[in-house]
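Every letter in the sequence shown is one number past the one before it in the numbering used here, and letter 408, counting from 1, is 408.
Just so you know, even glycine gets a beta-carbon here, dropped at the ideal spot from N, CA and C.
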Amino acid sequence: MHSDRLFNDDPVDGSDDLPDLLGRSAYAKDLAAVLDRVSRHESSSVLALIGPWGSGKSSLIAMTRRSLIERQAPREWLMAEYNPWSYTDVDTLIAGFFAEIRDALPEDGRWSETRDKIREFGKSIKPYAGLIPGVNGEAVEAAANTIAGNASMAKKRDAVAHALKELNRPILVILDDLDRLEPKELLLVFKLVRLVGRLPNLYYLLSYDEQTLLDVLMRTDLVSDQISRARDYLEKIAQVRLDLPAFREKQKGELVDDMLDAILGRHGTLTEEEQYLLGRAYYDHIGYRLSTPRAVNRFMAQLDALYGPAGEEVSFFDFFVITFLRTFESGVYAMLQRYKDDLLNNNNRALLGGGASQTPAQRLAIWQERLEVAGVARDNMSGVMSLLSALFVPIQSAHDNLSFGGRDFGELGKQRGVGHVDYFDRYFTFGVPEEDIADRTVLVALQQLVSERAGSELGMLIDRLVTDTGRVIRKLDSLREQGGLPSAGVLQLLADKYGDLPDDHRLFEDPRRMFIYLAMNLFRDLNADQGELVIRAMSIKDSGLLFTAIAITRFPAAVSDGNTSQDGQERQLAWLSQARDVVRGLIVERLASYGEPHDRDRLELFFSLHAAWRILAPEQARAWLLQQVELEKVSLQDAVGSLVTVSYGGSTKPRHRMDSLDPASVDNALGIEFVLHRLENEIDAADMTATRYSGLEPSPEGRRTFALAELNRIRDGRRAKPVD
């Protein structure tokens with residue numbers, strides 16, 4: 001198999017360099033024999049090779065020419081190839097017609113006079129081209145009489161006819177791709193062939209897509225949009241009809257297989273799952289659309305050219321389908337980019353477990369309407385929808401009448417599928433976009449992390465961990481699920497960079513929450529001996545200790561995830577108990593070292609660590625905080641203010657604001673009676689305009705102001721409550 005020729009759309013002639021991949025050489029030899037027989041019985045004739053665009057007509061002509069040259073025929077053929085669509089106007093089109101015939105003659109000097117006669121005859125035809133409106137009825141006879149009535153022209157034609165007859169060698173004039181012509185050009189070519197060009201020893205092989213040619217003829221005044229007249233017209237032009245052999249399913253399958261083998265030989269391999277998916281997509285729809293050799297070449301050439309740059313960074317199956325859509329359904333390809341958010345569920349409803357708001361039937365109707373707008377033909381609608389359902393979770397759920405959730409999108413991430421938010425753009429930029437990070441870069445970076453040999457890949461991973469947290473965390477978690485993540489090293493990296501995360505708490509994909517989410521999962525992979533060392537390494541920085549404390553306090557929710565055996569859960573619980581003790585001890589040591597936390601950042605960290613301590617050892621944490629208040633190392637107002645909950649304000653300013661103060665939280669942390677008594681004067685003087693609607697920012701000052709107002713309302717509520 002000549003793999004370097006697989007994607008070349010130029011005609012083949014059946015030679016070793018340009019092999020016949022469709023087994024049509026025998027038909028080409030038969031066609032050459034037909035031409036021999038016609039030349040023995042007719043002084044001139046017109047044959048028509050008919051087949052759809054891209055079906056291989058030009059290649060069959062090339063093989064026929066080669067066969068005519070190689071066969072031992074009684075008379076040696078001369079050949080001219082006339083491409084009328086390459087001429088720009090009527091004059092050059094006529095001149096080109098006769099020039100091709102003239103150039104087909106032998107080059108020796110005795111034929112120079114014949115060539116001159118043909119040139120002069122061609123010149124004499126030009127003024128009369130407009131007199132020939134068609135090739136049927138009285139119009140033909142009138143045009144012929146006009147030409148015949150010109151003695152000079154008739155004399156020149158007779159001279160050419162005599163010279164060609166004396167030549168006694170058949171000349172094959174090939175007119176390929178007639179279906180490319182405009183109506184006016186097509187009629188003129190037929191005039192030349194039918195009325196002027198029927199000279200002795202001239203034989204014409206026309207090549208065209210019949211339906212396209214009929215459509216062109218129906219745009220002329222001669223046919224006037226009548227299909228029957230258009231067919232009659234063509235029948236009068238060609239005496240011998242030659243239909244191109246059908247492109248059989250077996251041939252198509254072998255051609256596609258050969259081309260896929262060539263592509264994969266250059267770019268990679270297929271898993272069994274990908275082979276199954278490819279086969280299903282091919283037999284469900286794609287194979288039906290690859291109706292001609294050119295369609296196969298066109299599709300596979302696109303796949304070969306653009307898969308290379310993306311390669312291992314995308315799913316081959318997904319890229320195969322997207323390439324098909326780009327090649328044959330450009331409207332759908334554009335539509336996918338327009339509805340990217342819907343396809344990737346970027347509104348995050350599914351990730352919260354709520355699914356989409358519409359029913360599957362409603363979503364299916366929406367996507368069907370979008371496909372119609374994108375120009376998908378009715379006959380192709382079901383097939384295209386099936387292809388899209390194999391790529392995108394929302395369409396699959398609509399197509400198969402299913403609900404969907406975040407886990408479905410996670411599976412796509414493992415497969416590097418186009419339906420995942422981190423991979424979608426790769427299929428439309430044919431590689432890894434600048435703002436993305438290649439999966440291979442992540443793998444190399446992790447190797448550098450384990451070996452403690454910093455490189456550019458690790459530097460990029462660390463940078464993107466902070467600037468593009470969601471994407472990187474999803475990649476790391478996917479590797480963790482596949483058993484390819486060095487848990488200890490990544491945990492230490494997360495702890496080291498936690499303090500560098502932007503202070504931009506978002507409702508979805510909040511960088512801090514995503515760090516903690518991954519850490520909770522990574523803690524599962526640690527044992528007790530390893531865990532204590534990792535926790536201490538994570539806690540060197542204040543921000544690292546806070547990160548570790550938050551992750552550890554939230555870890556129980558991650559233990560019973562349904563993926564761990566009973567024995568495994570018991571080991572995790574034992575390790576968790578030890579880990580909580582280690583973290584609690586580190587918090588106590590760190591808080592004791594702070595002294596009086598006056599500045600805002602230190603104050604926030606102080607109370608955040610204490611909040612984690614309250615979860616780990618509530619009584620111990622309460623007693624210590626009350627002691628700090630009594631020693632006046634910590635302000636009681638600040639302590640109460642740290643208990644105020646904060647709500648997310650969306651796009652409003654400020655984005656985060658105070659929400660409420662729970663009396664139970666105050667009681668658990670400090671004792672509600674103690675607080676109300678100690679801050680009685682401050683509560684009396686509280687700014688009662690401070691409410692959840694006043695938009696106070698969660699600064700230390702804002703927290704104190706809001707807490708005092710809330711305490712005032714709590715006190716009033718307690719006073720109004722009847723005594724039992």
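Using the Cα positions of Met538 and Asn527, report the straight-line distance between them to the nearest angstrom. Answer to the nearest angstrom: the Cα atoms are 15 Å apart.
What did DSSP end up calling Arg241 once you bin it into helix, strand or coil? Three-state DSSP puts Arg241 in a strand.
Exposed or buried, what is Gln530 when buried is set at 16 or more other beta-carbons lying within 10 Å of its beta-carbon? By the neighbour-count rule (16 or more Cβ atoms within 10 Å), Gln530 is not buried but exposed.
Can we say the stretch 701-711 touches the stretch 671-685, given the rule of at least three CB pairs closer than 8 Å? Because the criterion of three Cβ pairs below 8 Å is met, the stretch 701-711 and the stretch 671-685 touch.
In the DSSP output, what is Ala48 paired with across the bridge? Note: Ala48 sits in a beta bridge opposite Leu206 and Arg241.
Tell me which residue opens and which closes the beta strand (DSSP E) that Tyr648 is part of. Where Tyr648 is concerned, the enclosing beta strand (DSSP E) stretches over Thr645 to Tyr648.
Glu313 versus Leu290, Ala230, Leu244 and Asp425, residue with shortest Cα-Cα distance: Glu313 has its Cα closest to that of Asp425, out of Leu290, Ala230, Leu244 and Asp425.
Between the alpha carbons of Phe392 and Arg657, how many angstroms are there, rounded? Approximately 38 Å, taken between the alpha carbons.
Endpoints, the alpha helix (DSSP H) within which Met538 is located: Where Met538 is concerned, the enclosing alpha helix (DSSP H) stretches over Ala528 to Met538.
Below 8 Å between beta carbons: does that hold for Arg474 and Asp439? Not closer than 8 Å, so no.
What does the Cβ neighbour count give for His677, buried or exposed, with the cut at 16 atoms within 10 Å? Exposed, because fewer than 16 other Cβ atoms sit within 10 Å of the Cβ of His677.
Asp289 versus Ala295 - alpha carbon distance: Strictly speaking, residue 289 in this sequence is Arg, with Asp absent from that position. C-alpha separation (whole angstroms): 8 Å.
Whose CA, out of Arg71, Leu679 and Tyr648, lies closest to the CA of Glu697? Measuring from the Cα of Glu697, the nearest candidate turns out to be Tyr648.
Which whole-angstrom value is the C-beta distance of Leu206 and Leu93, which I expect to be below 8 Å? The beta carbons of Leu206 and Leu93 sit about 15 Å from each other, so the pair does not count as a contact at 8 Å.
Indicate whether the contact test is met: 3 or more Cβ pairs, each with one atom in the stretch 226-237 and one in the stretch 13-31, closer than 8 Å. The stretch 226-237 is not in contact with the stretch 13-31.
Pairwise C-alpha distance: Val160 and Gln121: According to the sequence displayed, residue 121 carries Phe and not Gln. Between Phe121 and Val160, the C-alpha separation is close to 8 Å.
Taking buried to mean at least 16 other C-beta atoms within 10 Å of its own C-beta, is Ala557 buried or exposed? Summary for Ala557: the model assigns pLDDT 46, below 50, so the residue's position carries little reliability, and this model does not support an answer.
Relative to the alpha-carbon of Thr269, which residue among Leu501, Gly287 and Phe316 has its alpha-carbon at the smallest distance? Nearest to Thr269 by C-alpha distance, out of Leu501, Gly287 and Phe316, is Phe316.
Taking Cβ to Cβ, would you say Val12 is nearer than 8 Å to Ala80? Contact flag unset, no.
Burial state of Ser487 (16 or more Cβ within 10 Å): Ser487 comes out buried.
Would you tell me roughly how many angstroms separate the C-alpha atoms of Ala104 and Glu166, rounded to the nearest one? Those two C-alpha atoms are separated by around 15 Å.
Nearest to Pro502 (by Cα), restricted to the options Tyr517, Ile540 and Thr469: The alpha carbon of Pro502 has as its nearest neighbour, out of Tyr517, Ile540 and Thr469, the alpha carbon of Thr469.
Where Ser660 sits in the DSSP three-state scheme: Three-state result, Ser660: strand.
Consult DSSP for Ile437 and reduce its assignment to one of helix, strand or coil. Coil at Ile437, not helix or strand.
If we ignore side chains and look at the alpha-carbon of each, how far apart do Asp284 and Trp85 end up? Each residue's alpha carbon lies about 38 Å from the other.
Beta-carbon proximity of Asp430 to Leu625, cut-off 8 Å: The sequence as given places Phe at residue 430; Asp does not occur at that position. Inclusion of Phe430 and Leu625 in the CB contact set at 8 Å is not warranted, their separation being larger than that value.
Under the three-state DSSP convention, the category Leu131 falls into: Any reading at Leu131 needs caution, since the residue's pLDDT is 45, under 50, leaving its predicted position unreliable; the model's value is listed next. When DSSP states are grouped into helix, strand and coil, Leu131 belongs to the helix group.
Leaving out five residues on either side along the sequence, give the residues of the same chain with a beta carbon under 8 Å from the beta carbon of Leu636. Short of 8 Å from the beta carbon of Leu636, and not among the five residues preceding or following it, lie these beta carbons of its own chain, in chain order: Val629, Leu670, Val675, Arg678 and Leu679.
Between the Cα of Arg614 and those of Thr220, Ser665 and Asp36, spot the shortest distance and give me the residue it belongs to. Scanning Thr220, Ser665 and Asp36 for the CA closest to the CA of Arg614 turns up Ser665.
Over what stretch of residues does the alpha helix (DSSP H) that includes Glu81 continue unbroken? Careful: Glu81 lies outside any alpha helix (DSSP H), inside the beta strand (DSSP E) at Leu78 to Glu81.
Let me check understanding here. Comparing Cα to Cα, which of Glu452, Val444, Ser451 and Val450 lies closest to Met460? Nearest in C-alpha terms to Met460, of all of Glu452, Val444, Ser451 and Val450, is Val444.
Using only the alpha-carbon positions, how far apart do Val450 and Gly483 sit? Roughly 15 Å separates the two Cα atoms.
Cβ-based burial, Asp10 [other Cβ within 10 Å; buried from 16]: By the 16-neighbour rule on beta-carbons within 10 angstroms, Asp10 is exposed.
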